[in-house]
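By the numbering used here, the letter at position 1 of the sequence shown is numbered 1, and the numbering carries on one by one without gaps.
No residue lacks a Cβ here, since even glycine has one placed at the ideal position from N, Cα and C.
Comments concern the structure below.
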Amino acid sequence: MSRKHTVNVLWGLLTAAILLVFVFPFLWMLLASFKTQAQIMSGELTLIFTPTGQNYASVFQQYDFLRYIANSMIVAVNSTLLSLIIGLPAAYSIAKFRMHKLSVIILIARIVPGISFLVPWYIIFSQLRLVDTYAALVLSHMLVGLPFIVWIMIAFFESLPHEVEEAGLMDGCTPHHVFCQVALPMSVPGIVTSSLLSFIFSWNNFMFSIILAGDKTKTLPIAVFNFMSYAEINWGGLMAAACIITLPVLAIALVAQRYVISGLSAGAVKG
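Okay, structure coming up:
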């Protein structure tokens, strides 16, 4: 066996081992969502069993998960869109005028733990009577999503060739038109990447929602608490709910994976 073939085999085994570590929790979650409570609590990892759809039925019938899905979708979509509307022009300006100090400040805002903002957010929204409203959740989710989009897009806008923008200005375009008609179309992979990651953060956010959401605006991560009680945990329903939460993000990621890969790679390389 040649050295190159041996290296390829070892690399394949290492990749399979790493993939197994990451895939196993999702496989267990999916299988458990079709098992009864007794089968799950037995502790045996059985791949052959009689599946049941009762867990999914209880999720939608007993716990009204359609309303929670709608709440999460409203908050995630709106927070991502508003972050894009504000973040894309900000990132373009920072990249064009080389405002590196401002970019560092934005990075610091992203690094600061979100839990440090909970009390100020709650006091402000309580005074404005915005607790248990979509506005409070959207604004709080933008606290992390907006700096994240700006930080990713700064590197991406810096990688765009200046000759193309200069050609647009020479053709009579205003800086606004250059941004809208030249920079943004060339930055689609970066926009898709930052949007997807911001959407995932908002969709999975638990910390802000547990404080600012109420009965009307309860999102999916908070609704998972319905399966936990002092006496026991409804593991079947919990795993079914987890699959429902994961499915939309997984579907979006699979559809947009080509843009995500190109966006992450393009934003890391200048020239």
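Per-residue burial, residue i [other beta carbons within 10 Å of its own, 16 or more giving buried]
| i | result |
| --- | --- |
| Leu247 | exposed |
| Ala17 | exposed |
| Val7 | exposed |
| Ile111 | exposed |
| Pro51 | exposed |
| Gly214 | exposed |
| Gly190 | buried |
| Lys216 | exposed |
Neighbourhood of residue i by C-beta distance below 8 angstroms, restricted to the same chain and skipping five residues each side
| i | result |
| --- | --- |
| Leu47 | Leu31 |
| Ser33 | Asn55, Tyr56, Gly236, Met239, Ala240, Ala242 and Cys243 |
| Leu66 | Phe60 |
Supposed close pair residue i, residue j - CB separation, criterion 8 angstroms
| i | j | result |
| --- | --- | --- |
| Ser83 | Gly172 | Contact flag wrong, Cβ pair sits at about 32 angstroms. |
| Ala256 | Val192 | 5 angstroms |
CB of residue i within 8 angstroms of CB of residue j, strictly
| i | j | result |
| --- | --- | --- |
| Ser209 | Ile152 | no |
| Leu184 | Ala253 | no |
| Tyr134 | Ile74 | yes |
| Ala109 | Pro161 | no |
| Phe49 | Gln37 | no |
| Ile94 | Leu102 | yes |
Proximity test, Cβ basis, 8 angstroms: residue i and chain B
| i | result |
| --- | --- |
| Leu254 | Looking at the structure shown, chain B is missing, and only one protein chain is on hand. |
Other residues of its chain near residue i: CB distance less than 6 angstroms, five sequence neighbours each side excluded
| i | result |
| --- | --- |
| Val21 | none |
| Trp121 | Ser140 |
| Phe179 | Tyr92 |
| Ser79 | Val138, His141, Met142, Gly145 and Ser202 |
| Ser187 | Phe156 |
Residues that DSSP places opposite residue i in a beta bridge
| i | result |
| --- | --- |
| Ile233 | Met228 |
Spatial neighbours of residue i in its chain, beta-carbon cut-off 7 angstroms, leaving aside the 5 residues before and after
| i | result |
| --- | --- |
| Ala76 | Phe199, Ser202 and Trp203 |
| Lys218 | Tyr68 and Asn71 |
| Asn205 | His141 and Pro221 |
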